[in-house]
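> Residue numbers (the working numbering): 15 to 341.
Don't be surprised by glycine CBs; every beta carbon is placed ideally from N, CA and C.
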C-alpha cells in the first residue's frame, strides 16, 4: 500500500515566512533598545570614572588637570631702534590687531593623558615624556594606544585615525577619544585657548574653590563622538586640526584648529543640532548627550535642553541660577 507524502503548499510556506518576518521585525527594535541601553550605561560609567579621576587628581595636586599643556617659546625682544618687522619699535594701529595664531601648542598633552595615573594606566603614563610633543615619533606607542575608558560603545568611528593639519597635510596616527573637556560657554577656543570660562583651557589649573557656580552645576567632560569629529585622547598636535568626520550627521563640514582636539564648548545651538561644529559636544545616543559634572555626578542632558541653561552649566563662575535638575 502506498503512503501519501504530506508537504507544505506554497501558500503555507509563504504564510510561515511572513510570520517569521513579523516576529523578527518586532524583535530587532527590542534588541537594539536593550543594546543601546547597555551602551548608554557603559558610557555613563566611563564618564563616572573620568570624574572620579579628576577628583583624585585634584586631591593630590590641588587643581583639576589642564585642558592641555603648553610651554611658550622664549619671547623675542621688543623695541630696539624702530626697524622693520613686528617687533621693530613702536607701532600704531587704527584698530586692535587680530589675535596671534596659537602655533605651536607643544607639548600638547591633554587632560586625558594627565589622568592616566588615576585611571589605573600607570604603565602607559610611564611611557610618556610629557616634555616632548604629542606628535613626536618617539611618542607613537602611547599616542596610538586605544583605551576603552575613552571609547563610547555607541561611537561608530573609534580606534586609530590620521591627524590632518589645518592645511590638509597628514601628520601622525593617533587613537580616538569619544569625549572632550568643557572649555565653557562660547569663547574663541581656536585663537584664544587660554581664556575659557569653563574648568578646562590651555594650561588651566582650576581649583574647586574657583568654581563658584557650584561643583554640582558645572560641567567637566562631555561626549563628542568620533563619528562626528575624530580627535586624539593623547592631546593636541601643533598645526593639527579637528574636523567634521566624513558622513557625520550634520549639514556642515568644518575644520577647527588644534585646541579643539581636546576641548569642546557650549554655543548658541541646542545639543544634537544638525548645524553643530567640531568644537561642540555630540553624542551617539538617541536624543541626549551625557556629561560628568565637577562633583562627579553624571547627567544625561536631552537635546531639547535650553541652550541658555547649557551655557550656564558650562561656566565655572558665571553666577547663573542653573542646575542639571532644571531640564
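Between residue 266 and the rest of its own chain, which residues show a CB-CB distance below 8 Å, the 5 nearest in sequence each way excluded?
The residues are 258, 289, 290 and 291.
> Going straight from the alpha carbon of residue 281 to that of residue 318, what length do you get?
Their backbone Cα atoms lie some 14 Å apart in a straight line.
> DSSP state of residue 174, grouped into three classes?
Of the three classes helix, strand and coil, the one that applies to residue 174 here is strand, per DSSP.
> Determine the contact status of residue 237 and residue 57, defining contact as a CB-CB distance below 8 Å.
Their beta carbons are under 8 Å apart, which means residue 237 touches residue 57 by this criterion.
> Within 10 angstroms of its Cβ, does residue 324 collect 16 or more other Cβ (buried), or is it exposed?
Residue 324 comes out buried.
> Tell me which same chain residues have a C-beta within less than 7 Å of the C-beta of residue 66, skipping the five on either side of it?
Counting only Cβ-Cβ distances below 7 Å, and skipping sequence neighbours, we find 310.
> Are there three or more Cβ pairs, one per stretch, closer than 8 Å when the stretch 170-183 is compared with the stretch 227-241?
The stretch 170-183 is in contact with the stretch 227-241.
> Compare the beta carbon distance of residue 255 and residue 149 with 8 Å and say whether it is the shorter of the two.
Their beta carbons are not under 8 Å apart, which means residue 255 does not touch residue 149 by this criterion.
> Measure from the alpha carbon of residue 342 to the alpha carbon of each residue in 23, 198, 234 and 235, then state which is nearest.
This structure does not reach residue 342, given that the chain is present from 15 up to 341, and the question cannot be answered.
> Which same chain residues end up closer than 7 Å to residue 69 when comparing Cβ atoms and leaving out the 5 residues on each side of it in sequence?
Result list for residue 69: 310, in chain order.
> What's the C-alpha gap between residue 135 and residue 227?
When rounded, the distance between both Cα atoms is 32 Å.
> Give every residue of the same chain whose Cβ lies closer than 6 Å to the Cβ of residue 167, excluding the five residues on either side of it in the sequence, and list them in chain order.
53 and 56, listed in sequence order.
> Assuming contact is defined by CB atoms lying nearer than 8 Å, are residue 303 and residue 234 in contact in what I supplied?
No; because the gap between Cβ atoms is not below 8 Å, this pair is not in contact.
> If I'm right that residue 83 touches residue 122 with Cβ under 8 Å, what's the distance once you round it to whole angstroms?
Indeed, because the Cβ distance is near 7 Å, the residues count as touching under 8 Å.
> Look at the Cβ atom of residue 315, then the Cβ atom of residue 285, and state whether they are nearer than 8 Å.
In contact: residue 315 and residue 285 (Cβ atoms closer than 8 Å).
> When DSSP labels each residue in this structure, what does residue 185 get in the three-state scheme?
Strand.
> Classify residue 195 as buried or exposed, calling it buried when 16 or more other Cβ atoms lie within 10 Å of its own Cβ.
Residue 195 should be labelled buried.
> For residue 273 versus residue 203, is the C-beta distance shorter than 8 Å?
The answer is yes: Cβ separation under 8 Å.
> Specify, as a first and last residue, the run of the beta strand (DSSP E) that residue 161 falls within.
Taken as a continuous stretch (DSSP letters only), residue 161 belongs to no beta strand (DSSP E), as it is neither H nor E.
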